[in-house]
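Colleague: Residue 166 in my numbering sits at position 164 of the sequence shown; the count goes up by one each step and never skips.
For every residue, glycine included, the Cβ atom is placed at its ideal position computed from N, Cα and C.
Dropping the structure in here first, questions after.
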Amino acid sequence: MKTRFLSALLASLLTLSLAACQKEVGGEADMPAVQTASGDFQKNMHQSITTKFLSVAAETDDGFYVQLNGMFIYYIEKATKAMTILCNKPECKHEDITCNAFFHAQALWASGDKLYYSNGDYVEENGQYVNYGERLYSADFDGTSRRTVQNLEFTPSGDTSSWIPLAMGHRGIVYFTYSGVLYAMPLGGDIERDAVAVWGEESADAGQSLNLSAPKYTLWADGDTMYFKVNIPQTDGTYKDTLFAYDPETGEVSQVWQTPDGSEVGQWVSTGVSVSQWYVLEGYIYFYLSGNDFWRTNLETGEHEKLADTSDKTEYGTAIFSDDYLCLMNDTPEDKSGQQYGIGGNNYIGGDTIYVYGLDGTLVKEVSLKSLYGEIDGIKHCEMVFCSGNEIYFVADASAQTWSSGSGTMNWNRALCCVNIDTGEITQIYNW
């Protein structure tokens, strides 16, 4: 692996002409670079990393692409709310990797006239499976014409140091992590030639074991700036969510935010606190700590501001954000302690009301989901997945486990739904 250090060299690398054809990767066909048009990171779709039901999602002008159960991609038409699996192969049962809808994507975004996604690639060659490691791919919007765009691992060994998404595209640059290091390279670039280390300790030998104690990244972008959040150890033995800003033109990285201490905001304890949702927009980070209200911080001045006291709405709750709204659901941790386990509070239960706030903290609307509990028997939890325009998409989970002769069987029953913020109308889109 070539060792490349952070420098302004990235600026020239990232402005390389995309007029040339992409190099062949792993023996697959060349892909004209005209198909790799740049696009902005979709902030509202990034909410999907906080859910256990929709692992990835992408938005286009006319619809959404969502991945259910971590495997198959479905398309939702915005106007009609019709949802179809992304496969038109005759007689396909949509059960395995032969289905056009099987992506098993770790990251997904739409840009230009293509979908981009990443996953690990095992290719059968001469009767044996060869591990090509994590790669970025493109596909047409109907799931066909798949092509390899670039490698995301220097040595195919699996990157256990990355937080979802493993890769992120923004304005023609692909950001990805490998062995605890955050890299950037042009879309369609060659990893050995074009990848530049942005942040993190770089291994001297790509063949060494991966650093399992490496930071867990969450990636973001807004305007010309790329952001990444990691959990940084403190001198007292605790960890703090810490946000860094990266300027691709200069190659500079700077720390711009860290979860405030109770002494700074007078609201929560300094130990064991991690933001449960956050959103960077136009120089501010908006964030929510379950049970600790909506806040924002000016990333230039460091000034903290409480936007809304949510204690009169829900003791804990979960949240998602968009460019227009801060959305809070009144669900509750199953153990009633306020502690969220896993990604996005997988142990939360209930949730029958969404409180919609403006970015200034003003309560805009209370949206009731109570009617849905009468339509679907046995709902255990409603979980918001993303907000687009004036609509909030969520999953109602009525799955239940039955026991017989000492063994349990899970009966899955989930509904992907949409609620209109203005009218309160609920649409059941898909059941699985």
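Would you check if there are 3 or more beta carbon pairs closer than 8 Å linking the region 128–137 to the region 188–196?
Modeller: no
Colleague: Please return the same chain residues whose Cβ sits closer than 7 Å to the Cβ of Gly-426, not counting the five positions on each side in sequence.
Modeller: Val-369 and Ser-370
Colleague: What is the C-beta distance between Tyr-281 and Phe-230, in whole angstroms, given that I count them as a contact (C-beta under 8 Å)?
Modeller: The pair is not a contact, with the Cβ atoms about 14 Å apart (cut-off 8 Å).
Colleague: Terminal residues of the continuous beta strand (DSSP E) containing Leu-184?
Modeller: 183–188
Colleague: Answer yes if the region 247–255 comes into contact with the region 64–81, meaning at least three C-beta pairs across the two stretches below 8 Å, and no otherwise.
Modeller: No: the two stretches stay apart, fewer than three of their Cβ pairs being nearer than 8 Å.
Colleague: Tell me, which residues are paired with Trp-111 by DSSP?
Modeller: Under DSSP, Trp-111 shares a beta bridge with Tyr-118.
Colleague: Which partner residues does Leu-309 have in the DSSP bridge list?
Modeller: According to DSSP, Leu-309 bridges with nothing at all.
Colleague: So, using beta-carbon positions, are Ser-120 and Arg-137 closer together than 9 Å?
Modeller: Against a cut-off of 9 Å, the Cβ pair of Arg-137 and Ser-120 comes out as a contact.
Colleague: Could you tell me whether the Cβ atoms of Tyr-357 and Thr-334 are closer together than 9 Å?
Modeller: no
Colleague: Where do the N-terminal and C-terminal ends of the beta strand (DSSP E) with Ile-287 fall, by residue?
Modeller: For Ile-287, the enclosing beta strand (DSSP E) starts and ends at 286–290.
Colleague: How many Å lie between Cys-94 and Asn-102 at the Cα?
Modeller: 9 Å
Colleague: Can you round the beta-carbon distance between Ala-400 and Asp-379 to whole angstroms, since I take them to be within the 8 Å contact cut?
Modeller: Right, the Cβ-Cβ distance comes to about 7 Å (below 8 Å), so this counts as a contact.
Colleague: With DSSP collapsed to three states, give me the class of His-48.
Modeller: helix
Colleague: Ordered along the chain, which non-local residues of its own chain (more than five positions away) have a Cβ less than 8 Å from that of Val-277?
Modeller: Asp-243, Thr-261, Phe-289, Tyr-290 and Leu-291
Colleague: If you reduce the DSSP assignment to three classes, tell me which class Lys-372 lands in.
Modeller: helix
Colleague: Using the three-state DSSP reduction, which class does Glu-155 fall into: helix, strand or coil?
Modeller: Coil, per DSSP.
Colleague: Which residue's Cα is closest to the Cα of Tyr-286: Trp-270, Ala-402, Asp-142 and His-306?
Modeller: His-306
Colleague: List the DSSP bridge partners of Trp-414.
Modeller: Looking at the DSSP assignment, Trp-414 forms no beta bridge with any residue, so it has no partner.
Colleague: Looking at the secondary structure, which residues open and close the alpha helix (DSSP H) in which Asp-399 lies?
Modeller: Segment 393–399 is the beta strand (DSSP E) holding Asp-399; no alpha helix (DSSP H) there.
Colleague: What residue does the alpha helix (DSSP H) around Val-267 start on, and which one ends it?
Modeller: 264–267
Colleague: With H, G and I counted as helix, E and B as strand and the rest as coil, what does DSSP make of Arg-195?
Modeller: helix
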